[in-house]
Amino acid sequence: MGTDPVLPTLNQTVLLPGPGPFVLLGVPGLEALHAWLSVPVCLLYMAAVAGNGLLLGLVAADRTLRAPMYQLLGLLAAADLVLATSTVPKALAVLWGLSGEISFAACLTQLFVTHVTFIAESSVLLAMAVDRYVAICQPLRYGALLTQRVVGIVAAAAVTRGTCVMVPSVALLQRLPYCGQRELPHTYCEHMGVARLACGDTRPNIWYGLATTLLSPALDVGLIAASYALILRAVCRLPSHGARCKALGTCGAHASVITLFYTPALFSFLAHRFGRHTVPRHLHILLANLYVVVPPALNPVVYGVRTQQIAQRLRHLLRLCWARAVRDVGPEMASHGRD
C-alpha cells in the first residue's frame, strides 16, 4: 500500500531547490521618478565610457605616455570602464522598465566583478597617491622606485587582492538557503543585498564583509590621506607662490574625486550591515549608484585632461581629426559647387 506524500504545513518554510531569478526593483519609494533618474545616470555613463576609453587609448597608443604615472592612469581608466559597465547598463534597464529580472548566477557574477573592480581601483588610487608622494617628496629616487615593472606588479596585485577578498563572499552567498523571496530593492546586485534575501544565518556574511571593508577600502583611505598630508606639507614649503597654488589645486581636485568615490561606497557597505532600519532605503540605493558612475565620469578630467602632457596629446589628436575632416569634406564641397 503506497504512502501519502508529505505535504508542508502552513507554518513550514519551503526551501527552493535552487535560487530562482531575482527581480531588481530599482530605487524603492521613487518608482515614479525612475525615468528622470535614468537621465543623469545615462549621461554620466556615456561620459565615463567616452572619457576613459579615450584616455586608455591614448596611453596604450602613444609612446610618449609610457612613464609609470601615465600607465597608472591607464589602469585607473580600465578599472573605471569595468566598474561602470558591470553595473550601469543593468541599472538603466531597471530604471527604464525594460528588464528587472536577473538569474542567481548572473547576480553573483555581477557583484563579484563589481566588488573586485572596486577593490582593484582602490588599490590603483593608493598606488597613484604613493607615486605623487615619491615624485614630490623624493624626486631623486622616483626613477629607481617607480618603473614599468612596478606598475605591472601593482596591476596584478590589485586584481589578485580583489579576487581573494570576493571569492569567500561568493562562497558565503552560495551556502545560504533561499526561501522564495525574489525581490531585491536595488538597481544592481550587492553582497549584503543578496544575503538579505536568504532565510539562513547571515552573520558570517555581515562580519566578513565588515572585516574586508576595514582591511581594504578603509585601510586604503587612511594610507591615501597620509600620502596627501605628506605631499601638502612638502608643497607648503615650496618657495614659489604660483607653484604652491598649482599643487594645492591639483591635490584639491584629486581629494574631491577620491571623496566622491569612497564616501558613498563605505556608507553603502556599512548601511547594509548596521543602518538597515535607520537609513532610508532610497538614499542608500542612490548613494550606491553614485560611486559606480560619478567618479568614472570625473576621473578622466581630473587625472587625465588636467595632466599637461595628456592634455597636449589630446589637443594634438583633436587637431589631426579636424584637419582630416576638413580635408575629406573640402573636395566633396568643391564637387557639389561645380555641379
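Residue numbers (the working numbering): 78 to 416.
Beta carbons are placed, not taken as given, at the ideal position from N, Cα and C, and that holds for glycine.
In the DSSP assignment, what are the bridge partners of residue i?
{"i": "ILE179", "result": "PHE99"}
{"i": "ALA275", "result": "TYR255"}
What three-state label does DSSP hand residue i in the structure shown?
{"i": "LEU364", "result": "helix"}
{"i": "ALA144", "result": "coil"}
{"i": "ARG321", "result": "helix"}
{"i": "ARG238", "result": "helix"}
{"i": "THR340", "result": "helix"}
{"i": "ARG314", "result": "coil"}
{"i": "TRP173", "result": "coil"}
{"i": "GLU28", "result": "Nothing about residue 28 can be reported from this structure: the residues present for the chain run from 78 to 416 only."}
{"i": "PRO373", "result": "helix"}
{"i": "LEU222", "result": "helix"}
{"i": "PRO245", "result": "helix"}
{"i": "VAL334", "result": "helix"}
{"i": "THR384", "result": "coil"}
{"i": "PRO357", "result": "coil"}
{"i": "SER163", "result": "coil"}
Quick one: give me the first and last residue of the alpha helix (DSSP H) that residue i is part of.
{"i": "GLN258", "result": "Looking at the DSSP string, GLN258 is not in any alpha helix (DSSP H), and its letter there is neither H nor E."}
{"i": "ALA127", "result": "111-138"}
{"i": "GLY106", "result": "Looking at the DSSP string, GLY106 is not in any alpha helix (DSSP H), and its letter there is neither H nor E."}
{"i": "TRP284", "result": "280-292"}
{"i": "LEU217", "result": "Run containing LEU217: none; DSSP gives neither H nor E here."}
From residue i to residue j, what distance separates their C-alpha atoms?
{"i": "ALA233", "j": "ARG358", "result": "36 Å"}
{"i": "ARG390", "j": "VAL236", "result": "29 Å"}
{"i": "VAL100", "j": "SER200", "result": "32 Å"}
{"i": "PRO85", "j": "LEU152", "result": "The predicted model places PRO85 with a pLDDT of 43, which falls under 50 and marks its position as unreliable; any figure quoted below should be read in that light. Distance between the alpha carbons of PRO85 and LEU152: 54 Å."}
{"i": "VAL231", "j": "ALA204", "result": "7 Å"}
{"i": "CYS256", "j": "LEU274", "result": "8 Å"}
{"i": "VAL403", "j": "LEU397", "result": "10 Å"}
{"i": "PRO341", "j": "PHE195", "result": "12 Å"}
{"i": "ARG140", "j": "ASN366", "result": "36 Å"}
{"i": "VAL334", "j": "LEU114", "result": "22 Å"}
{"i": "GLN251", "j": "TYR305", "result": "40 Å"}
{"i": "GLY277", "j": "GLY270", "result": "14 Å"}
{"i": "CYS328", "j": "LEU309", "result": "8 Å"}
{"i": "CYS313", "j": "PRO145", "result": "25 Å"}
{"i": "VAL356", "j": "THR264", "result": "17 Å"}
{"i": "SER176", "j": "MET243", "result": "26 Å"}
{"i": "LEU131", "j": "LEU394", "result": "10 Å"}
{"i": "VAL371", "j": "GLY319", "result": "30 Å"}
{"i": "LEU325", "j": "GLN258", "result": "51 Å"}
So residue i packs on residue j, CB below 8 Å; how close in whole Å?
{"i": "ALA156", "j": "GLU198", "result": "4 Å"}
{"i": "GLN148", "j": "VAL207", "result": "Not really, about 14 Å apart at Cβ, beyond 8 Å."}
{"i": "TYR285", "j": "LEU249", "result": "6 Å"}
{"i": "ASN129", "j": "LEU158", "result": "5 Å"}
Are the C-beta atoms of residue i and some chain D residue less than 9 Å apart?
{"i": "VAL228", "result": "Given the protein chain composition of this structure (a single chain), no chain D is represented."}
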